[in-house]
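Protein chains: 2
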Amino acid sequence: MILKRWLVGDPLKTAQARHERLSKTIALPIFSSNAISSVAYGTEEILLVLVLAGTAAVAWSIPVSLAILFLVLVLTISYRQIIHEYPEGGGAYIVARTNLGENPALVAAAALMIDYVLTVAVSVAAGIAALTSAIPSLFVHREALGLIAIVFMVLVNLRGVRESGTFFAIPTYFAIGALGLLVTVGTLHSFSTPSVTPSPTNPEIPGKAMESLTLFLILRSFAAGCSAVTGMEVISNGVKAFRHPESKNAATTMIWMSVILASLFMGVSWMAYHYGILPKVDETIMSQLARLTFGTGVVYYTIQIATMALLVLAANSAFAGFPHLASILARDGFMPHQMATFGDRLVFSNGIIILGFFACLLLVIFQGDTHALIPLYAIGVFVSFTLSQSGMVKRWLVKKGAHWRKKLAINGIGAVTTGIATVIIASTKFMQGAWIVFLLVAILILIFQGIRSHYRAVSEQITLDRRGSRPPLPRRNIVVIPVSGVNRAVVRALDYARSRPGEIRAVYVDLDPEESAKVKIQWAQWGGGVNLIAISSPYRSVLGSLLEYVEEILEKEPNTWVTVVIPEILPARWWQSILHNQRALMLKAALLFKERVIITDVPFHLTR
Amino acid sequence: MILKRWLVGDPLKTAQARHERLSKTIALPIFSSNAISSVAYGTEEILLVLVLAGTAAVAWSIPVSLAILFLVLVLTISYRQIIHEYPEGGGAYIVARTNLGENPALVAAAALMIDYVLTVAVSVAAGIAALTSAIPSLFVHREALGLIAIVFMVLVNLRGVRESGTFFAIPTYFAIGALGLLVTVGTLHSFSTPSVTPSPTNPEIPGKAMESLTLFLILRSFAAGCSAVTGMEVISNGVKAFRHPESKNAATTMIWMSVILASLFMGVSWMAYHYGILPKVDETIMSQLARLTFGTGVVYYTIQIATMALLVLAANSAFAGFPHLASILARDGFMPHQMATFGDRLVFSNGIIILGFFACLLLVIFQGDTHALIPLYAIGVFVSFTLSQSGMVKRWLVKKGAHWRKKLAINGIGAVTTGIATVIIASTKFMQGAWIVFLLVAILILIFQGIRSHYRAVSEQITLDRRGSRPPLPRRNIVVIPVSGVNRAVVRALDYARSRPGEIRAVYVDLDPEESAKVKIQWAQWGGGVNLIAISSPYRSVLGSLLEYVEEILEKEPNTWVTVVIPEILPARWWQSILHNQRALMLKAALLFKERVIITDVPFHLTR
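The listed protein sequences correspond, in order, to chains E and Z. If you count by the numbering used here, then the first sequence holds residues 599 to 1206, one letter each, in order. If you count by the numbering used here, then the second sequence holds residues 599 to 1206, one letter each, in order.
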C-alpha cells in the first residue's frame, strides 16, 4: 500500500476531475503525436520490402509514398465529416455500433484493442531504435530499455496525467520542429546535389535481388508503408476535449495534422530516395538522414532525442485510448465491470495495467524489433477505418439530411479506399503474421460475447419479480457452532448466538477420546445449557465431518436456514497465521457454496 | 483434488492404523539401511582428504578407518544401554529432554532435523553417483535424477508405506549380500596379490602433494570418514516397533547391524588401500572396486544397482524419522500444530513435504555432488550422539540403580568419545561449511522458542477465567447491510436480517446520482420498511466508505455489536468470478480485523 501511494500518488476526489477544454494549439500536439510519429518508421518499412528485389527497386518508394499520401488526403476529408457528425467523440466502435449494428462494432472494438497494444509496442520499439542509432552500444539492451519505458508509462498513467496539456505540447512541437528542420534542410540541399544510386557497402543488404520485383512486392511495400497513417483517427475520438466550437476546431486541427504528417513523410521518402539511403539493422533511416545532413553533432543528437520523445508520447497516447475504449465496452457489458471503474487517481487503472502487460509481452516475444512487429500492425487500424467509413455511408443513406449526397460520396470514397488498403494489407501480410491479428479478433469477439451473456444471465437471475412477490425464504433457523475446545473465542461466539433466536447446536469433532472427555466436562460449566453434540471422524478430517453434519441438516430440514457461527481466532500479526490451522478459513470457503447456509463469523482478536 | 487422490491414494480411517510388530530379521533391514549405506561413501571421503597430501598419504586410510571402527564399537555398546533404558524409543531429543533439560533437547532436535535433511540429500546424491558410475552418460543429469528420486520418495511416503516390512527387507538384504560378496571375494583375492602403490593415471589426482601431511589433515580425513557411522542411532528410536521382548530384540539387532557395518566398511577400506584405488570425479570407489574384482559384467552392474537401492532406502528412512520428530516437537509446542496432525493417509504429510522440499533445495544448491554435501553432514549426528550419551551419564548419576557405576562408565566413555569426535568434526569442517550447520541450529532453536512463546501467549489469551466469570459482551446489536442495488441477493439478505432481532441499517454508497435515485425508488418497494442510508464517497471507494461508516458506529456506540450482513452473489463457475468485483470478499477481509464486528454472509448462488 505504501509502495502504491509512493508510485501512483494519493487518491483524488471525484470532484477533482477537471474537464479542461483544449485550444487548437494545445490539442494539435496531444492528438497528433501518434500520427506524426509514424514518420519515424513509415519510409523505412517501405524500403525494407523493396530492397528485397535489389537496390534498383528502391526507386519504387516514391510512387508507393505518393499512394500513401493519397490515403492521407482521403482520410483527412472523410474523418472531418465524422468529426462534424459525432461531436461527442466518434471512435470506430461507436460509429459502427450506431450505424452498422453489434457485430461490426465488436469487430471494430477488437481490432482497435489489438492495435492499441501494437501502437505501444511499435512506438516504443521505434523510439528505442532512435536511441540506439545514436548510441550503438545500447543496441543489445533494446528489449530491456523498451520494457523499462513501458513500465514507466504505466506508472505515469496510473498517477493520471492531469497536467497533460503543456506537458505534452512542448516535446511534440520540439519534435515537429526538429524533424521539420531535417526535412527542410535536407530537401533544399537535395536540389543542388546529384541523385545518388544506392551502392550497398553494408553486407546485410544484398546487391542483387533475392526476390523479383513483382506487383505483389510493391503492394507489400505499400502495406508496410500504411503504418505511416496509423493514428489519424485519434482526433475524431476526442472532439469533446476541444474548446467551443468543438467540431470546427477539431476539423481545423485535423487539417494541420495531416499537412504536417504529409510533408514530413514525403520529405523523408524523397530524401531517402535522393541520397540513396538503404535500411540498416542497427541504424534507422531517420538517423542516417540526420547524420548525412548535419553530421554527427549536436543537431544530429537533438533530432534523435526529439524523435524518441515523439514516439514515446505516441505510445503514451494509447494509454488514454485503450482504457477509454475498454470502459465503453465494459459499460455495454462486453468487458468486466471493473474496467469501467475509475481508480483512486481518477484513471481507469485496470485498463492501463492490462495494456502495459500485453505491450510488454509483445515486446518480449518480438525481442524489441520494430520490423518484426510491423506485419501485425496497421491491419487493425485499417479494419476500423473501413468500418467507420462504411458506418458513415450507411448513416447518410438512412439519415439523409442536407448535402447528404456529397457527404455520402466523400465517405464512400473513404470506405472504398480504406477497404482496398485493408484487403492489400491483409493479403500481403497474412502469412507474415496478420493471421495472428485475425485470430485474435475472433477470440476477442467470442470473449466479448461470452462476458455479455454471463452478465445477462446474472441480471436475469438476480432481478426481482416486477409484480412484487418476494422470493420465499426458509422459515426456521438452526444455528450450528463448531467447537474446537472450550475457550474464550468459542464462549464469545456461543454467547453471541444465544443472544439471537434459533435452535443452537454446538458441534464437537471427536478425534481423541481423552481430549473429548475434557471438553465435555468444561462444556458442562461453560456451555450455557446448550447441548454439545460430539460427532466422530473416521478420517480425522474436522472440516469434512462438520460439512457432512451441515449437509445432513440441510437434507433433513428443507425449510430451514443453517446459520454456522464460526468462532475465529485471529492472530495479532499476519505471519503468525502460519502457526494456526486456517480451519475457520477453509470452513467458510467450503460453506459458501451451500444453498441455505448463512456464515456468521465471530472474530476473536489476539493482542500479542 | 483428483490429482492428489491419484498420487497419494484415498484417505484411510484412523482405525486402519496398524501397529505391526517386527521380528529381528525384518527389523534389521528396516533400521539398518541408513547406517550400512554409509559404506558407499565413507571410505571415499577419507581418501579424498588424504590424497590432498599426495598419493603416498593414502596409506593413512587404514589407521583412520580403524579409529572409526573404534567409534562403531563404542556407539554399539553405549546405545544398547539407551535401548534398554528407553523401551518407548530413546531419540536424542527425548533423552536430552528427560535428563538434561529443555535447551540441550532443542539443540539435539535442531541438529537432528538438519541431519535428516542431509541424510536425504547425501544418500540420494551417493545413490545417483552409484548409478552414474555404471552409466557415465547419465553423469550430466545427476541433479535432475536426484530431484526425481526425492519427489518420488515424497509421493510414496505421502501414500504411507504400510507394507514396509518385507517391502524394505528384500532390497536391503540383497544389497548387503551384494556388498558382502564384493568385500569377501575382493579381500580373499587381496591375500594372493601384491599390494599396489597408487600411480595416478587420472590427471584429476595430483601426483605430488598439494598440502603437507599434517595432523590436521589426518583429523580432517577422520572427520570425513565419520559420515560412515551416521544412522547408527536409528534402532534406539524405534525400540517400540520390535516384538516382545522389545529391548532385548532391539539390542541384538543393534549388534548384527554393527557387525555388518564394521566388516563392510573395513573390507572396503582395506581393498581400496591394497589395490591402490584413488577417488575419481565421475566414478565412485565402490564402482572401481567392483569393476576391478568382477570386471564390467553382470555382477558389477548388480552391485551398482544394489548400492543405489540401499542408498535410496537410507534416504527413505529419513521420511519416517523427520516427520516423527517434527510431530513430537509440535506436541511439545515447538513446531506448528499442523506438524502433529496425521494426514488422510495416516502419515504426517506436512513433515514429509517439508523434508522433501529442503532436501531438493540442498541438492540444487550443491548440484547433486556428494562430496560437496559431506562437510555439512555428520556434525548434527555427532552433536546428538554426544547429547544422548551425556544425558545417559546424567541419568545414571541421578537415578543410580543396579550396576549404575558400570553403566555410567560405558555411557561416560561414549560421551567422551563422541564428544571428542564432535570437536574434531566441528573444528576441521568448520570453514568448509560446518559453520552453516551451527548457524542453522541457532536459528532453528530461536524458531522453536518463538513458536512456543506464541502458543503460550495464545493459550493465555483464550483460556477462560477459572472462577467462572463469563467475559462481558456488548448488549445491543446494530445490523448493517451494504446495498449495491436492489436485487434478489440483497432482498434475500435483508429478509434474513429482518427475521432476527437488532436495529437494521441498509447502507448504499452513492457514486452516481442517477443510479442512486433509481435505487431509492426501488428500495421504497422492496426495502420492507428498512431505512436506506445513502453515504457519499468522494474517492469512489465503495469499500472505504462502508468501512468508515462501520467504524463510526463502533466509535459512537461502545457497547454494541455491529453485525454486517453481506449479500454475496456467487457465480456458478469459479472462473466467472473474475467478471465480478470481489467486493464482498474484500469487505469480509477488511471487517475481520475489527473488534465487535460480526460478519454474516448470506450467499446467493447463481445457477448459470
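Heads up, the beta-carbon is just placed ideally off N, CA and C, and yes, glycines get one too.
Can you round the beta-carbon distance between residue i and residue j to whole angstroms, since I take them to be within the 8 Å contact cut?
i: Val-670 of chain Z; j: Ala-938 of chain Z; result: Contact doesn't hold; Cβ gap of about 34 Å is too wide.
i: Phe-863 of chain Z; j: Gly-640 of chain Z; result: 6 Å
i: Ser-659 of chain E; j: Leu-645 of chain E; result: 6 Å
i: Tyr-684 of chain E; j: Val-837 of chain E; result: 7 Å
i: Arg-889 of chain E; j: Arg-619 of chain E; result: The pair is not a contact, with the Cβ atoms about 42 Å apart (cut-off 8 Å).
i: Val-1162 of chain Z; j: Trp-1124 of chain Z; result: With a Cβ gap of about 20 Å, Val-1162 of chain Z and Trp-1124 of chain Z do not count as contacting.
Using the three-state DSSP reduction, which class does residue i fall into: helix, strand or coil?
i: Ala-1132 of chain Z; result: strand
i: Phe-840 of chain E; result: strand
i: Val-1160 of chain E; result: strand
i: Thr-1020 of chain E; result: helix
i: Ile-1207 of chain E; result: Missing from the structure shown is residue 1207 of chain E; chain E here goes from 599 to 1206 and no further.
i: Pro-801 of chain E; result: Annotation note: pLDDT 48 at Pro-801 of chain E (below 50); position unreliable, coordinate value reported separately. Three-state result, Pro-801 of chain E: coil.
i: Ile-1196 of chain Z; result: strand
i: Phe-1191 of chain E; result: coil
i: Trp-998 of chain Z; result: Reading the sequence as shown, one finds Lys at residue 998 of chain Z and not Trp. Coil at Lys-998 of chain Z, not helix or strand.
i: Arg-1065 of chain E; result: coil
i: Val-962 of chain E; result: helix
i: Leu-811 of chain E; result: coil
i: Thr-882 of chain E; result: coil
What residues of chain E sit near residue i, judged by a beta carbon separation below 8 Å?
i: Lys-611 of chain Z; result: Pro-1136 and Tyr-1137
i: Asp-1199 of chain Z; result: Lys-1186, Leu-1190, Ile-1196, Ile-1197, Thr-1198 and Asp-1199
Please check if any C-beta of chain E sits within less than 9 Å of the C-beta of residue i.
i: Asp-1093 of chain Z; result: yes
i: Gly-1127 of chain Z; result: no
i: His-922 of chain Z; result: no
i: Trp-604 of chain Z; result: no
i: Leu-1062 of chain Z; result: yes
i: Trp-1124 of chain Z; result: yes
i: Tyr-1053 of chain Z; result: yes
i: Asn-1075 of chain Z; result: yes
i: Ile-600 of chain Z; result: no
i: Trp-854 of chain Z; result: no
Who are residue i's beta bridge partners in DSSP?
i: Leu-1168 of chain Z; result: Z:His-1203
i: Asp-1108 of chain E; result: E:Ser-1134
i: Val-1077 of chain E; result: E:Ile-1102 and E:Thr-1161
i: Leu-620 of chain E; result: E:Phe-840
i: Thr-674 of chain Z; result: Bridge partners of Thr-674 of chain Z: none, in fact.
Can you find a C-beta in chain Z that's less than 9 Å from the C-beta of residue i?
i: Ile-1167 of chain E; result: yes
i: Phe-1202 of chain E; result: yes
i: Asn-632 of chain E; result: no
i: Ala-860 of chain E; result: no
i: Ile-1176 of chain E; result: yes
i: Trp-994 of chain E; result: no
i: Thr-1158 of chain E; result: no
i: Thr-812 of chain E; result: no
What residues from chain E crowd round residue i, counting only those whose CB sits closer than 7 Å?
i: Trp-1173 of chain Z; result: Those do not exist, as Trp-1173 of chain Z stays about 10 Å from chain E at its closest Cβ, beyond 7 Å.
i: Phe-940 of chain Z; result: Arg-1138
Give the residues of chain Z in contact with residue i, contact being defined as C-beta atoms less than 9 Å apart.
i: Pro-796 of chain E; result: The contacting residues do not exist; Pro-796 of chain E stays about 51 Å from chain Z at best.
Note down, in chain order, every chain E residue with its Cβ under 9 Å from the Cβ of residue i.
i: Pro-1069 of chain Z; result: Arg-1086, Val-1089, Arg-1090 and Asp-1093
i: Pro-1099 of chain Z; result: Ser-1097, Arg-1098 and Pro-1099
Run down chain Z in chain order and give the residues with a C-beta less than 7 Å from the C-beta of residue i.
i: Trp-1121 of chain E; result: The premise fails here: Trp-1121 of chain E is roughly 11 Å from chain Z at the closest Cβ pair, so nothing lies under 7 Å.
i: Gln-936 of chain E; result: Asn-1179
i: Ile-1049 of chain E; result: Leu-1177
Residue i versus chain Z: which residues are under 8 Å apart at the beta carbon?
i: Val-1056 of chain E; result: Ile-1167, Pro-1169 and Leu-1204
i: Gln-1059 of chain E; result: Arg-1086, Leu-1204, Thr-1205 and Arg-1206
Would a check of beta-carbon distances place residue i closer than 9 Å to chain B?
i: Glu-1193 of chain Z; result: In the displayed structure, chain B is absent; the protein chains listed are E and Z.
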